[in-house]
Structures are given as C-alpha cells and as structure tokens.
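Student: Dropping the structure in here first, questions after.
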Amino acid sequence: MKPNFSVDRAPKRSDEPIWWGLFGAGGTWFAMITPITILVLGVLVPLGVINADALSYERVVDFATSIIGALFIIATLALPMWHAMHRVHHGMHDLKFHTGIVGKVACYAFAGLISALAVIFIFML
122 MKPNFSVDRA PKRSDEPIWW GLFGAGGTWF AMITPITILV LGVLVPLGVI
172 NADALSYERV VDFATSIIGA LFIIATLALP MWHAMHRVHH GMHDLKFHTG
222 IVGKVACYAF AGLISALAVI FIFML
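Per this note's numbering, the sequence shown starts with residue 122, numbered consecutively.
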C-alpha cells in the first residue's frame, strides 16, 4: 500500500519570512559588527591605542554623511532593533502572553519607528 502524500497547491501566505530575515540580519550584525564597534570606540580610543583626533567632530560628520557611513549608522541602530523586537514578540508567546496581532504590530511598529528615526537622524546631519 502506498502512503497518501498530498501537496497543498494553495498554501496560506505568511509574512514570517520578512520578520525572520530582519531577525537574522539583526542578530548577525549585533554578533559580528557591534563588538568591533564597542572595542574601537569604547576601549581602544579611551586607552589611547587609537588617536582621539581620528574621531574629531569634523571627521565623524564626514563619515556619517558619506553613503557608507550613513548605511553603517542606520544598520547599527535598526537591524539589532528588528532582532530584539522579533525576540520580544516570540518571547511573549513562549511566556504564554498571547497578544495576537496587537503584540505583533506593536513590536514591529516600534522597530520600524527606530529604523525611521535612524534614517531621519542621518538625513538631518
């Protein structure tokens, strides 16, 4: 007797791949880029390993207003926030706080707000 396997030809659409993609990008950024940023700005510069003049106001503004610098700053602020809010959303469910669509919208709207503020901040420089 053959097993009866059927393929659903009209699967239900989901928006989860978008959120999981942002979650993965944010987690990767936070794990790989953030520690280097903290090392450079929080340890090496204060210890004098890197000359503090390298981070003068003029140089930082020049970096932040370049396309690479702007993208770096936006990604540093936005991607970890998407990661964190996805964790909060699914963590609430794991803790039996079933907030439904309201919790989902609140979490992702907050991450979107932080992302928008990062972009606005960069364009105001």
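Note that CB positions come from ideal geometry on N, CA and C, so glycine has one too.
Hey, out of M206, A237, V181, M202, whose CA is closest to G224's CA?
Tutor: Counting from one through the sequence shown, the residue named residue 224 turns up at place 103. Closest option to G224, Cα to Cα, is M206.
Student: Is the beta carbon of I243 less than 9 angstroms from the beta carbon of I194?
Tutor: Working through the sequence shown from its first residue, we reach residue 243 at position 122. Working through the sequence shown from its first residue, we reach residue 194 at position 73. It is a contact, given that the beta carbons lie within the stated cut-off.
Student: Find the nearest neighbour of G148 within the set G163, T186, T220, A196, judged by alpha-carbon distance.
Tutor: One-based indexing of the sequence shown puts residue 148 at position 27. Of the listed residues, the one whose Cα sits closest to G148 is A196.
Student: Considering just the uninterrupted stretch of the alpha helix (DSSP H) at S236, what are its terminal residues?
Tutor: Here residue 236 refers to the residue found at position 115 when the sequence shown is read from its first residue. Element bounds for S236: 221 to 245.
Student: If you scan the region 163 to 193 from start to end, which runs of the alpha helix (DSSP H) of 4 or more residues do you find wholly inside it?
Tutor: 178 to 186
Student: Reducing DSSP to helix, strand and coil, say where V209 ends up.
Tutor: Here residue 209 refers to the residue found at position 88 when the sequence shown is read from its first residue. Three-state result, V209: helix.
Student: A205: beta carbon under 8 angstroms from a heavy atom of the ligand NAD?
Tutor: Among the components of this structure there are no ligands whatsoever, and the ligand NAD is therefore not found.
Student: Just checking my contact of I235 with L198 at CB under 8 angstroms: how many whole Å lie between their CB atoms?
Tutor: Counting from 1 along the sequence shown, the entry for residue 235 is found at position 114. Counting from 1 along the sequence shown, the entry for residue 198 is found at position 77. Their Cβ separation, rounded to whole angstroms, is 6 angstroms, which keeps I235 and L198 in contact under 8 angstroms.
Student: Of the residues V209, M213, V226, A185, which one's Cα is nearest the Cα of V240?
Tutor: Within the sequence shown, residue 240 is the residue found at index 119, counting from 1. Selected option, being the one with the closest Cα: A185.
Student: Using the Cα positions of R180 and K217, report the straight-line distance between them to the nearest angstrom.
Tutor: Within the sequence shown, residue 180 is the residue found at index 59, counting from 1. Within the sequence shown, residue 217 is the residue found at index 96, counting from 1. If you take the alpha carbons of R180 and K217, they lie about 49 angstroms apart.
Student: Do M202 and A232 have their C-beta atoms closer together than 9 angstroms?
Tutor: The sequence position of residue 202 within the sequence shown is 81, counting from 1. The sequence position of residue 232 within the sequence shown is 111, counting from 1. A contact, by the Cβ cut-off of 9 angstroms.
Student: Let's see if you can read the secondary structure: which residues bound the alpha helix (DSSP H) around F218?
Tutor: The residue labelled residue 218 in the question sits at position 97 within the sequence shown. Looking at the DSSP string, F218 is not in any alpha helix (DSSP H), and its letter there is neither H nor E.
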